[in-house]
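To start, the structure under review is shown below, and the notes come after it.
Protein chains in written order, with the numbering used here: chain L, 1357 to 1638; chain U, 126 to 372.
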């Protein structure tokens, strides 16, 4: 679906954001794109969609070079931006004007998603709050049924019930032909939702793995205070002992904790790269 | 489906752009109408009668069209420079050519028609005069005026693609700088040709035939072709600038 080879990109010549970045993202999955502030998450999404052009290297999105922004590619991409401005339309008019650009747009799905978010389609977009506008765009983006759906911080501005609604809707919205990329700081919002994780840092991809592969290599568990058996990558003190990420030498089953994975990645980047370097394919 | 042009896609984009900007267009049209009415009324009051010369009115309409046109053109692509893109407008599945064609039709053709209709309505309301119709029905006779107007619009349109902030001021300044450079080159040429006449400027040189001041035929031809070629060149440049636009 998306192939990135030796990508280099910089906003300023002396300060490269990416150099020789390689990444593959497959269809049929929801990919979580994580990284610290300024790691280049939004930039990477813009490069993938053709809003920015690489300095060198290749990107293939849906079989196209995105820099050409060909309509045949764009009709299969929907990008939900973190910040946006919307025209002064009612939701119904917005759908009439924009849905026609997307051949697989489903009116029924759009109505269902809006109903799930408790928004009426006769409301004016500019009379809605930021969170409500975002919900309209999430519903619209999902209803376009594009092969690639990019969401940059989709849960920013959503209240707690809306985040649950978002997770519920997303869980049922992906099929084997679709690829969804969700970039976010709010890793808790992605719990039980994503199928693979990509973590960016300083010009490079540290991890890009499916959840299964991550839990194959790492174990998330509570350890006693004096544990010396496990190779601990990161730990936090908790009421019941150390909540830790350890190397999964004993093939134990555990549930991925995205936040702990994130901390572990930055606690020992070198080891994490070594663990996942040979299988970095999400 | 063609990557360059598809009539259905173009129609959808045209509808999107006009629907989105309709309120702005209507407000702009009302503003232009109000300004023309007020200034014509000032002319009438200053003259003390309704027989304000048509040539004066025409001159005023011809001058005022420039800032109105440039204001519209310079804001056309400004949405691509804002920090928050309008729902990823650049990612709408349309081609750069379709975007440029839409911009041309709205900024140049529709704008000119709307401006003419506003002027006509002002003329009818205040003077019951239809002379202005001549300048539309015989527009080919005034190709130089229209070409210069279109060229200005085109410059401001590409300016809205190039400059992220204050596009109208920066484009206006760029045109001014280009004009100054052209004057300096002209003065240099004049000083080389008439080197024994001190302090002679380009504007001081006239070509006289009998009692008439004329421009030599090849000068006229060059200036005509500069305008003819300039217009499509700026549009082609806008197309490529839009294709390369990153947000």
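Note that CB positions come from ideal geometry on N, CA and C, so glycine has one too. Quantities reported herein were computed from a predicted structural model and do not represent experimental measurements.
Count the CB pairs spanning the segment 1589-1600 of chain L and the segment 1518-1531 of chain L that are closer than 8 Å, and state whether there are at least three.
no
Distance, residue 293 of chain U Cα to residue 284 of chain U Cα:
7 Å
Given that residue 1409 of chain L touches chain U, what residues does it touch there, using C-beta distances under 7 Å?
371
Residue 1431 of chain L CB to nearest chain U CB: under 7 Å?
yes
What separation, rounded to the nearest whole angstrom, lies between the Cα atoms of residue 224 of chain U and residue 1436 of chain L?
21 Å
Starting from the C-beta of residue 363 of chain U, find all residues in its chain whose C-beta is less than 8 Å away, skip the five residues before and the five after it, and write them out in chain order.
225, 228, 279, 282, 283 and 286
So with Cβ pairs under 7 Å, would you call residue 81 of chain U a contact of chain L?
No answer is possible for residue 81 of chain U: it lies beyond the span of chain U, which begins at 126 and ends at 372.
Under 7 Å between beta-carbons, which chain L residues line up against residue 213 of chain U? List them in chain order, please.
Here the neighbours are 1435 and 1437.
Residues of chain U with CB closer than 7 Å to the CB of residue 1457 of chain L, please, in chain order.
137, 217 and 218
Who are the near neighbours of residue 1646 of chain L in its chain, counting only those whose CB is closer than 7 Å to its CB and skipping five residues on each side?
One cannot answer for residue 1646 of chain L here, as it falls past the ends of chain L, which runs 1357 to 1638.
From the beta carbon of residue 145 of chain U, is the nearest beta carbon of chain L less than 7 Å away?
yes
Would you give the residue range spanned by the beta strand (DSSP E) that residue 1484 of chain L belongs to?
Segment: none, residue 1484 of chain L is in no beta strand (DSSP E) and carries neither H nor E.
Run through chain L and tell me which residues come within less than 9 Å of residue 128 of chain U, C-beta to C-beta.
1424, 1426, 1427 and 1428
Measure the beta-carbon distance from residue 257 of chain U to residue 239 of chain U and round it to whole angstroms, keeping in mind my assumption that it falls under 8 Å.
With a Cβ gap of about 14 Å, residue 257 of chain U and residue 239 of chain U do not count as contacting.
Do you know how far the Cα of residue 248 of chain U is from the Cα of residue 1423 of chain L?
50 Å
Using the beta-carbon count (16 or more within 10 Å), is residue 346 of chain U buried or exposed?
exposed
Along the segment 217-246 of chain U, where does the CB come closer than 7 Å to a CB of chain L? Name the residues.
217, 218, 219 and 220
To which residues of the same chain is residue 1499 of chain L closer than 8 Å at the C-beta, ignoring the five residues directly before and after it?
1455, 1461, 1462, 1463, 1465, 1466 and 1469
Partner residues on chain L for residue 148 of chain U, Cβ-Cβ distance less than 7 Å:
Those within 7 Å of residue 148 of chain U in chain L are 1444.
Cβ closer than 9 Å: which chain U residues qualify as neighbours of residue 1453 of chain L?
137, 140, 141, 144 and 145
Quick check on this structure: which residue in L/1383, L/1494 and L/1538 has the alpha carbon closest to the alpha carbon of residue 1359 of chain L?
The alpha carbon of residue 1359 of chain L has as its nearest neighbour, out of L/1383, L/1494 and L/1538, the alpha carbon of L/1383.
Which chain U residues sit within Cβ distance under 7 Å of residue 1405 of chain L?
216
So residue 134 of chain U contacts chain L; which residues on that side make the cut at Cβ distance below 7 Å?
Ordered by position in chain L, the residues that pass the 7 Å Cβ test against residue 134 of chain U are 1427.
Endpoints, beta strand (DSSP E) assigned at residue 1552 of chain L
Unbroken beta strand (DSSP E) run through residue 1552 of chain L: 1552-1557.
Backbone secondary structure at residue 1530 of chain L - three-state DSSP
coil
Restricting to Cα atoms, I'd like to know which of L/1504, L/1487, L/1535 and L/1626 is closest to residue 1438 of chain L.
Selected option, being the one with the closest Cα: L/1487.
Residue 1611 of chain L versus residue 1590 of chain L - alpha carbon distance
16 Å
Flag this pair as touching only if the segment 1362-1369 of chain L and the segment 1404-1411 of chain L have three or more C-beta atom pairs under 8 Å; answer yes or no.
yes
Using a Cβ-Cβ cut-off of 7 Å (strictly less than) and excluding sequence neighbours within five positions of residue 1448 of chain L, which residues of its own chain qualify?
Counting only Cβ-Cβ distances below 7 Å, and skipping sequence neighbours, we find 1477 and 1478.
In whole angstroms, what is the alpha-carbon distance linking residue 1623 of chain L and residue 1442 of chain L?
Their backbone Cα atoms lie some 41 Å apart in a straight line.
Contained alpha helix (DSSP H) runs [length at least 4] in the segment 270-340 of chain U, N- to C-terminal order:
292-318
Can you tell me whether residue 1459 of chain L is buried or exposed? The criterion is at least 16 other CB atoms within 10 Å of its CB, across all chains shown.
exposed
Going by the beta-carbon positions, is the gap between residue 1562 of chain L and residue 1553 of chain L smaller than 7 Å?
no
Compute the distance between the beta-carbons of residue 1601 of chain L and residue 1587 of chain L, then report whether it is under 7 Å.
no
May I ask you to list the residues that DSSP assigns as paired with residue 1560 of chain L?
L/1557
Within the same chain, show all residues whose beta-carbon is closer than 6 Å to that of residue 1619 of chain L, passing over the 5 residues directly before and after it, in chain order.
1590
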